[in-house]
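Note that full-length UniProt numbering numbers the sequence shown so that position 228 is 228, with each residue one more than the last.
Just so it is clear, CB atoms sit at the ideal spot from N, CA and C, and this is done for glycine as well.
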Amino acid sequence: MEESFVAHAKEVLAKDTSVVPEFWQAKYRNEAGKNWDKFYNRNTTNFFKDRHWTDREFEELRVGHTFSESKPVLLEIGCGVGNFVWPIIERNPDIFVYACDFSPRAVGFVQANQNYTERRCKAFVCDITKDRLAATIPPHSVDIVSAIFVFSALPPEKQADAVSNIVEILKPGGRILFRDYGIYDLAQLRFKSGHKLEDNLYVRQDGTLSYYFSTDRLRELFVQHGGLAELENDYVVKKLVNAKLNIDSDRIFAQAKFQAPIDSGDIVAAMSGAVLDKQPDDSMNVE
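Right, dumping it as structure tokens:
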């Protein structure tokens with residue numbers, strides 16, 4: 001990000017000195033899942049578009065890119081109504097997808113979809129900050145975890161618990177693919193006074209939370225706390241231009257990849273994007 005932009009963003013955020021009263025803060029933090037369930041009750045499957053862009057951003061989601069098996073296993077946390085699930089299953093005939101969300105209504109929409117079959121996908125209700133994923137998914141069995149615009153919905157004091165939960169079901173060498181709102185994003189700068197709970201944490205009109213990530217925060221969660229290797233961790237800046245109004249603004253996303261330790265201990269290979277392969281004659285391939 002350009003220094004002039006960062007300086008301006010800090011100036012804008014510094015002007016908002018008010019915070020939501022303590023009673024309402026506790027309510028919003030404790031009822032995060034309930035408020036998302038209300039969101040899906042109002043909007044059903046009509047709010048978000050299918051995420052056809054994910055395999056452009058993450059090569060691990062492309063057909064043929066696997067870690068330990070010919071048929072990869074993926075977990076999507078915060079699956080919503082399946083906007084990520086259906087494009088991935090359609091493009092990759094061999095992948096199996098676990099999909100969870102803390103909204104029972106959202107999971108119900110996934111299970112009711114005409115494309116849903118437990119031969120390819122298992123959707124279940126789970127609050128990843130407190131419900132053990134390993135109660136549904138065998139420990140150390142998942143190749144890829146997609147965490148796309150989901151951690152921002154969690155109170156920051158519960159995010160480390162979610163990381164620990166995810167790490168338990170990752171295979172050695174398995175990866176977490178992360179994309180979410182980045183610090184100084186346009187949406188953060190547009191919050192009016194009265195929506196701030198703490199630095200980088202806000203509440204929307206509908207009661208859902210929105211947290212804005214720095215790369216340092218991601219490193220703290222996934223590397224220092226989770227014990228994972230950092231493969232990528234940076235900002236993606238998308239410039240929006242309105243020529244008619246002569247306005248341009250920045251959408252900023254935090255995008256990262258983290259990898260579970262590999263049994264061989266070859267951290268150099270891990271950091272270069274190695275693929276874990278249990279075949280005896282070809283024990284380490286590099287994509």
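Compute the Euclidean distance between the alpha carbons of residue i and residue j, then round it to the nearest angstrom.
i	j	result
R251	T215	16 Å
C121	N233	29 Å
M1	Y181	14 Å
K238	V12	20 Å
L172	R204	First, the amino acid is wrong: residue 172 is Pro here, not Leu. Computed Cα separation, rounded: 38 Å.
F102	W24	21 Å
N115	E90	9 Å
V125	F213	25 Å
G194	R179	27 Å
A14	L189	10 Å
residue 340	L74	Within the shown structure, residues of the chain are numbered from 1 to 287, placing residue 340 beyond reach of any answer.
L262	S146	A small correction: the amino acid at residue 262 is Ile; Leu does not occupy that position in the sequence shown. In a straight line, the C-alpha of I262 is about 19 Å away from that of S146.
residue 288	K71	Since the first and last residues shown for the chain are 1 and 287, residue 288 lies out of range.
V20	G174	39 Å
K38	P155	18 Å
I183	V107	29 Å
V6	F84	32 Å
L240	A187	12 Å
Y202	A9	16 Å
D185	A256	16 Å
Check this for me: beta carbons of residue i and residue j, under 8 Å apart or not?
i	j	result
S164	G82	no
A162	L218	no
I77	I169	no
S141	Y211	no
I144	E60	yes
Y40	F109	yes
T129	K158	yes
R51	P87	yes
D206	N30	no
Quick one: grab the DSSP three-state call for residue i.
i	result
D37	helix
K10	helix
N233	strand
L228	coil
A260	coil
F84	coil
V223	helix
Q25	helix
F213	strand
T17	coil
I252	strand
E76	strand
residue 290	Limits of the chain in this structure are 1 at one end and 287 at the other, which puts residue 290 out of reach.
E3	helix
D101	strand
Name the residue from the options whose alpha carbon lies nearest to the alpha carbon of residue i.
i	options	result
F258	D234, F222, K238, L240	F222
A229	D206, G108, L240, A260	A260
T17	A123, E90, K196	K196
K27	L209, I262, F213	L209
V150	G174, D55, A32	A32
P104	C79, F84, R119	C79
L133	I148, A99, R119	A99
E22	S4, K192, E198	E198
Starting from the N-terminal side, write out each stretch of the alpha helix (DSSP H) that is 4 residues or longer and does not extend beyond the stretch 107 to 191. The stretch 107 to 191 contains these whole alpha helix (DSSP H) runs: 156 to 169, 186 to 189.
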